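The next block holds one structure in the form of structure tokens; read it before the comments.
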Amino acid sequence: DGGITQSPKYLFRKEGQNVTLSCEQNLNHDAMYWYRQDPGQGLRLIYYSQIVNDFQKGDIAEGYSVSREKKESFPLTVTSAQKNPTAFYLCASSIGGGEYQPQHFGDGTRLSIL
Amino acid sequence: RKEVEQDPGPFNVPEGATVAFNCTYSNSASQSFFWYRQDCRKEPKLLMSVYSSGNEDGRFTAQLNRASQYISLLIRDSKLSDSATYLCVVNANTGNQFYFGTGTSLTVIP
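Note that the protein sequences, when read in sequence, are chains C and P.
In terms of the working numbering, the first sequence opens at residue 3 and continues consecutively.
In terms of the working numbering, the second sequence opens at residue 3 and continues consecutively.
This is the structure we're talking about:
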């Protein structure tokens, strides 16, 4: 089954703690993305990566970090510098490489502060 | 100006009604366009891609008007299961960036 897997589904963060959200895809897509969605709001881009070992900041990158060491994986770390981390985090991928194909999403991680 | 703008609604329509959503985009060089459906507390799922000639998938019809820079989604014979938020998405030509509207909420009433 091809798809995007996010884990965990639910995550709780203590004050001052860094947490990492996992995103893995087996679609052989080049491009991967992280979005944040707050209740009743649209999706906001945190980071995106078009190829391995390269990534770009999105609109709200402050307090977050990413890595892209493998094509299949694009983990997101929510650092203690992110003061309002409670949100629904969505990972997506697309074929990339200049092909204007749609994104496919994982089923998300809900992060809350303890 | 936002890249993509949608009327947030909410749209409350009776079963069997026809409902249409519009979405405008600001970048005239945008290359591809999509409608996604998002159920409450779930991830967005691709509903349709939107092609220049317009395209239909069952009860759903999508159209693109490049001159006026808007796309539309028409749902005929609404079902209770169509209740969701519909997201308009535009892919710019600046390298794999996707721009999302804030979504239009639809509730189909029995």
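A virtual CB, placed ideally from N, CA and C, is assigned to each residue, including glycine.
These figures come from a predicted structure and were not determined experimentally.
Give the secondary structure of Ser95(C) by DSSP, where H, G and I count as helix, E and B as strand, and everything else as coil.
As a working note, residue 95(C) is residue 93 in the first sequence. If DSSP states are grouped into helix, strand and coil, Ser95(C) belongs with the strands.
Reducing DSSP to helix, strand and coil, say where Asp84(P) ends up.
Taking the second sequence and counting its residues from 1, one reaches residue 84(P) at position 82. Helix.
Could you work out which residue in Lys81(P), Tyr101(P) and Asp84(P) is closest to Cys90(P) when comparing CA atoms only?
Position 88 of the second sequence, counted from the start, is the residue given in the question as residue 90(P). Answer by Cα proximity: Tyr101(P).
Where the stretch 20-34 of chain P meets chain C: residues whose CB sits under 7 Å from a CB there:
Within the stretch 20-34 of chain P, the qualifying residues are Gln33 and Ser34.
Any chain C beta carbon closer than 9 Å to Ser13(P)
Start at 1 with the first residue of the second sequence, and residue 13(P) comes out as number 11. The amino acid occupying residue 13(P) in the given sequence is Phe; Ser does not appear at that position. Residue contact check for Phe13(P) against chain C: no CB pair falls below 9 Å.
Can you check which of these residues, Ser83(P), Leu48(P), Thr104(P) and Arg68(P), is closest to Gly56(P) by C-alpha distance?
Indexing the second sequence from 1 puts residue 56(P) at position 54. Comparing Cα positions, the closest option is Arg68(P).
Determine whether the beta carbon atoms of Ile115(C) and Thr79(C) lie at a separation below 9 Å.
Counted from its first residue, the first sequence places residue 115(C) at position 113. Counted from its first residue, the first sequence places residue 79(C) at position 77. No; because the gap between Cβ atoms is not below 9 Å, this pair is not in contact.
Determine the extent of the beta strand (DSSP E) in which Asp59(P) is found, giving its start and end residues.
Within the second sequence, residue 59(P) is the residue found at index 57, counting from 1. Asp59(P): member of the beta strand (DSSP E) spanning Asn57 to Asp59, first to last residue.
Can at least three beta-carbon pairs, one atom from the stretch 23-43 of chain C and one from the stretch 99-114 of chain C, be found at a separation below 8 Å?
Between the stretch 23-43 of chain C and the stretch 99-114 of chain C, the count of C-beta pairs closer than 8 Å reaches three or more; the two stretches touch.
Does chain P have any CB closer than 9 Å to the CB of Leu78(C)?
Position 76 of the first sequence holds residue 78(C). No Cβ of chain P is located within less than 9 Å of the beta carbon of Leu78(C).
For chain C, check one thing: does any of its Cβ atoms lie closer than 9 Å to the Cβ of Gly56(P)?
The residue labelled residue 56(P) in the question sits at position 54 within the second sequence. Chain C, which has no Cβ nearer than 9 Å to the Cβ of Gly56(P), makes this no.
Below 8 Å, can you find three or more Cβ-Cβ pairs linking the stretch 27-37 of chain C to the stretch 90-104 of chain C?
Flag = yes, the stretch 27-37 of chain C and the stretch 90-104 of chain C touch.
Should Ala64(P) go down as buried or exposed, given a rule of 16 or more other Cβ atoms within 10 Å for buried?
Taking the first residue of the second sequence as 1, we reach residue 64(P) at position 62. Around the C-beta of Ala64(P), 16 or more other C-beta atoms lie within 10 Å, and the residue is accordingly described as buried.
Assuming Ser73(P) is part of the beta strand (DSSP E), what are its boundary residues?
Along the second sequence, one-based indexing puts residue 73(P) at 71. The amino acid at residue 73(P) is misidentified as Ser; the sequence shows Ile. Where Ile73(P) is concerned, the enclosing beta strand (DSSP E) stretches over Tyr72 to Ile77.
Beta-carbon contacts of Ser30(P) that lie in its chain and below 7 Å, excluding the five residues immediately before and after
Residue mapping note: residue 30(P) aligns to position 28 of the second sequence, counting from 1. Within the same chain, Ser30(P) has close Cβ partners Gln71.
Starting from Lys16(C), trace the beta strand (DSSP E) both ways and give me its first and last residue.
One-based indexing of the first sequence puts residue 16(C) at position 14. Run containing Lys16(C): none; DSSP gives neither H nor E here.
On the DSSP letters alone, give me the boundaries of the beta strand (DSSP E) that Asn14(P) sits inside.
Along the second sequence, one-based indexing puts residue 14(P) at 12. The continuous beta strand (DSSP E) containing Asn14(P) extends over residues Phe13 to Pro16.
In the DSSP assignment, the beta strand (DSSP E) including Pro46(P) goes from what residue to what residue?
Position 44 of the second sequence holds residue 46(P). For Pro46(P), the enclosing beta strand (DSSP E) begins and ends at Pro46 to Val52.
Close-in-space but distant-in-sequence residues of the same chain around Leu82(P) (CB under 6 Å, 5 per side omitted)
Along the second sequence, read from residue 1 onward, the residue named residue 82(P) stands at position 80. Counting only Cβ-Cβ distances below 6 Å, and skipping sequence neighbours, we find Val110.
What does Thr109(P) touch in chain C if you count any residue whose Cβ is under 9 Å from its own?
For the purposes of this step, residue 109(P) is taken as the residue at position 107 of the second sequence. Chain C residues near Thr109(P): none, gap ~15 Å exceeds 9 Å.
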